[in-house]
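Asker: Supplied in structure tokens, the structure appears directly below.
Protein chains in written order, with the numbering used here: chain A, 1 to 399; chain B, 1 to 136.
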């Protein structure tokens, strides 16, 4: 990505200001669409200017420059100039208001009328403070394509007030999508998703928001061990657990516990908390053989029970549960469980990968090789495909 | 500088130099060597300033055509003759000459297979047409 234009600049701090400045502009009556464009320009200028000339008050700087852009854009509208003059007299909003601002902006960017790809892009720009170029790099599309996606999304939202509570479930799904998109180019999307989820948990007590943050932290903690220096996937049972980020694990467990404490029998934990609990149990095992599979299976039972039709709606959960059954009740029982799923998801690469894992557990290496080879044929991710081919070759070579 | 697409195929093309089994039936160390070579080719092309793009395609294929007015698109997942070409992926390179493109393609084709032997895989080399009219 060329040389970093942001040397000596705390980019995280800069980006944390973005939703606040944007919400401030919108709250004083600016149109979301125009304000977001203006702030994006201010942000690009900040990245260029701040390394040499850091401002005394970054937030005021961004607000002023964005406002100037807005004024430029509406130079003919004299009334706007008057409004700009009035802004200087406005007291800065308190912390509570800022948290609400983040939430309102997230609801807007994750509006249910937008397609997931647009929700993700708009969230990263308007709340995450990423530039269009960075978002385009992260998703391997041309910058012009991403710019168009964002402006179409904003057109869809035009004229809608920024005042109604949105659908938190959609916001959580969008943040999780950002997390799973991983990292590419200059931007670590997983870290970005964690940052956004942290902001969200400051704004809401909703246990699922905290569950999502915990899930991200508990999975992210294992990331340094999950991919080796050649980009190869290392499975959980072969990871160097010394590389796991214990601080992230401790924080994840703490966040999860506080979320679970607010749940009850009447209001059982949602899927992110349950998935976080499963991740926490893996993180808690000093060695693979010390993994508490019975407890993991119990959580998978809860996870599967959250869907009306889990095989269709949550195939990853039913397959995870089948593998857990294999560890608790024996590989044959796990394979029997996958047999039950064959009609519906037997053509998915994950079904074959789970079968390969269970056959391996049973010591049935030729069958494991066949299952991994079929999984590789169906895979859509290069790293995963390569990993499955390796698993197949190793199984055929006798493990 | 002309751009070339170096296409790798799952099947099709001229008579293979020699047959080889699917990769999941190779010895694990041969699989590793093959994958390391693929990474090496990308790095080499990046280092030389010739890399544009590299992508892999899944082996599933669906043919689609316009279904006519007010009709759904017509699709066909087969049956297709097993001999028809099936693209597996490509390198796109930006090089000085056609000779250089052929040289890179031949290097790609030397990728190690079972027992570390070169695979002599046929690579389909296609020149990418220019968008803009050439200057006078």
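Idealized CB from N, CA, C, for every residue including glycine.
As the structure is a prediction and not an experimental result, all values here were calculated from the model.
(1) Determine the direct distance from the alpha carbon of residue 47/A to that of residue 12/A, and round the result to whole angstroms.
(2) Output yes if chain B places a C-beta closer than 8 Å to the C-beta of residue 394/A; else output no.
(3) Within 8 Å, do at least three Cβ pairs link the stretch 210-224 of chain A to the stretch 139-156 of chain A?
(4) Would DSSP call residue 6/B helix, strand or coil?
(5) For the structure I just gave you, are there three or more beta carbon pairs, one from the stretch 297-310 of chain A and one from the stretch 241-253 of chain A, closer than 8 Å?
(6) Can you find a CB in chain A that lies within less than 8 Å of the CB of residue 27/B?
(7) Is the beta carbon of residue 331/A sitting closer than 8 Å to the one on residue 358/A?
(8) Please give the ranges of any beta strand (DSSP E) in the stretch 131-176 of chain A, keeping only runs that are unbroken, at least 3 residues long and fully inside the region.
(9) Against residue 39/B, what residues of chain A qualify as contacts under a CB-to-CB distance less than 8 Å, listed in chain order?
(10) Ignoring anything shorter than 4 residues or poking outside the stretch 238-311 of chain A, list the alpha helix (DSSP H) runs there in chain order.
(11) Consider the Cβ of residue 52/B: report whether some Cβ of chain A lies at a distance smaller than 8 Å.
(12) Residues of chain A with a CB under 8 Å from the CB of residue 59/B: which are they?
(13) Nearest-angstrom Cα distance between residue 237/A and residue 269/A?
(14) Give me the Cβ distance between residue 88/B and residue 393/A, rounded to the nearest whole Å; I'm assuming they're in contact under 8 Å.
(15) Chain A partners of residue 56/B, CB-CB under 7 Å?
(16) I need the DSSP call for residue 111/A, collapsed to helix, strand or coil.
(17) Residues of chain B with CB closer than 8 Å to the CB of residue 372/A, please, in chain order.
(18) Check the Cβ-Cβ distances between residue 129/B and every residue of chain A, and say whether any is below 8 Å.
(19) Using a Cβ-Cβ distance cut-off of 8 Å, determine whether residue 356/A contacts chain B.
(20) Please classify residue 111/B as buried or exposed, where buried requires at least 16 neighbouring CB atoms within 10 angstroms.
(21) Using CA coordinates, which residue listed in 221/A, 263/A, 264/A and 271/A is at the minimum distance from residue 248/A?
(22) Taking residue 388/A and residue 376/A to be in contact with their CB atoms under 8 Å, please state how far apart those CB atoms are, rounded to whole angstroms.
(23) Going straight from the alpha carbon of residue 93/B to that of residue 200/A, what length do you get?
(24) Can you list, in chain order, the residues of its chain whose CB lies under 7 Å from that of residue 167/A, leaving out five sequence neighbours each side?
(25) When DSSP labels each residue in this structure, what does residue 61/A get in the three-state scheme?
(26) Sorted by chain position, which residues of the same chain lie with C-beta nearer than 6 Å to residue 276/A's C-beta, five sequence neighbours on each side aside?
(27) Between the alpha carbons of residue 344/A and residue 49/A, how many angstroms are there, rounded?
(28) Between which two residues does the alpha helix (DSSP H) harbouring residue 54/B extend?
(29) Report yes or no: do three or more beta-carbon pairs, one from the stretch 2-10 of chain B and one from the stretch 117-128 of chain B, lie closer than 8 Å?
(30) Evaluate residue 326/A with the Cβ neighbour count: other Cβ atoms within 10 Å of its Cβ, from every protein chain shown; 16 or more gives buried, anything less gives exposed.
(31) So residue 131/A packs on residue 43/A, CB below 8 Å; how close in whole Å?
(32) Counting only C-beta atoms, is residue 31/B closer than 8 Å to chain A at any point?
(33) Using a Cβ-Cβ cutoff of 7 Å, what residues of the stretch 111-130 of chain B are near chain A? List them in chain order.
(34) Is the beta carbon of residue 38/A less than 8 Å from the beta carbon of residue 70/A?
(35) Whole angstroms are fine: how far does the CA of residue 267/A sit from the CA of residue 175/A?
(36) Given a cut-off of 8 Å on the beta-carbon distance, is the pair residue 294/A and residue 253/A in contact?
Answerer: With the given structure in hand:
(1) Annotation: residue 12/A to residue 47/A spans about 12 Å, alpha carbon to alpha carbon.
(2) So, interface residue.
(3) Note that the stretch 139-156 of chain A does not touch the stretch 210-224 of chain A; fewer than 3 beta-carbon pairs, one per stretch, sit closer than 8 Å.
(4) Looking at residue 6/B - three-state DSSP - the assignment turns out to be strand.
(5) Two segments are said to touch when three or more pairs of C-beta atoms, one from each, lie closer than 8 Å; by this definition the stretch 297-310 of chain A does not touch the stretch 241-253 of chain A.
(6) At least one chain A Cβ lies under 8 Å of residue 27/B.
(7) In this structure, residue 358/A lies closer than 8 Å to residue 331/A by Cβ.
(8) If we require 3 residues or more, the stretch 131-176 of chain A turns out to have no beta strand (DSSP E) run fully inside it.
(9) Those within 8 Å of residue 39/B in chain A are 230 and 231.
(10) List check, alpha helix (DSSP H) in window: 246-261, 271-284 and 293-305.
(11) Chain A contact via Cβ: absent.
(12) Simply 377.
(13) Those two C-alpha atoms are separated by around 28 Å.
(14) Actually they do not touch by this definition, with Cβ atoms about 18 Å apart.
(15) Correct list: 382.
(16) Residue 111/A: coil per DSSP, three-state reduction.
(17) Listed along chain B are 24, each with a C-beta nearer than 8 Å to that of residue 372/A.
(18) Output row for residue 129/B: interface = no.
(19) Not one chain B Cβ lies under 8 Å of residue 356/A.
(20) Buried is the label assigned to residue 111/B, since at least 16 other Cβ atoms lie within 10 Å of its Cβ.
(21) Out of 221/A, 263/A, 264/A and 271/A, 221/A has the C-alpha closest to the C-alpha of residue 248/A.
(22) That belief holds up - the Cβ atoms of residue 388/A and residue 376/A are roughly 4 Å apart, short of 8 Å.
(23) Here the alpha carbons of residue 200/A and residue 93/B stand approximately 44 Å from one another.
(24) For residue 167/A, where only same-chain residues beyond five positions count, the Cβ hits under 7 Å are 112.
(25) Residue state, collapsed to three classes: helix.
(26) Once the five neighbours on either side are set aside, the close Cβ partners of residue 276/A are 211, 214, 215, 218 and 256.
(27) A straight-line Cα-Cα distance of about 56 Å links residue 344/A and residue 49/A.
(28) Not the alpha helix (DSSP H): residue 54/B falls in the beta strand (DSSP E), residues 51-56.
(29) The way I'd put it, the stretch 2-10 of chain B does touch the stretch 117-128 of chain B; three or more beta-carbon pairs between them come closer than 8 Å.
(30) Its Cβ being crowded by 16 or more others within 10 Å, residue 326/A is buried.
(31) Correct: roughly 7 Å between the Cβ atoms.
(32) Yes, contact with chain A.
(33) Hits within the stretch: zero.
(34) Closer than 8 Å, so yes.
(35) Whole-angstrom Cα-Cα distance: 23 Å.
(36) Between residue 294/A and residue 253/A, the C-beta spacing is not below 8 Å.
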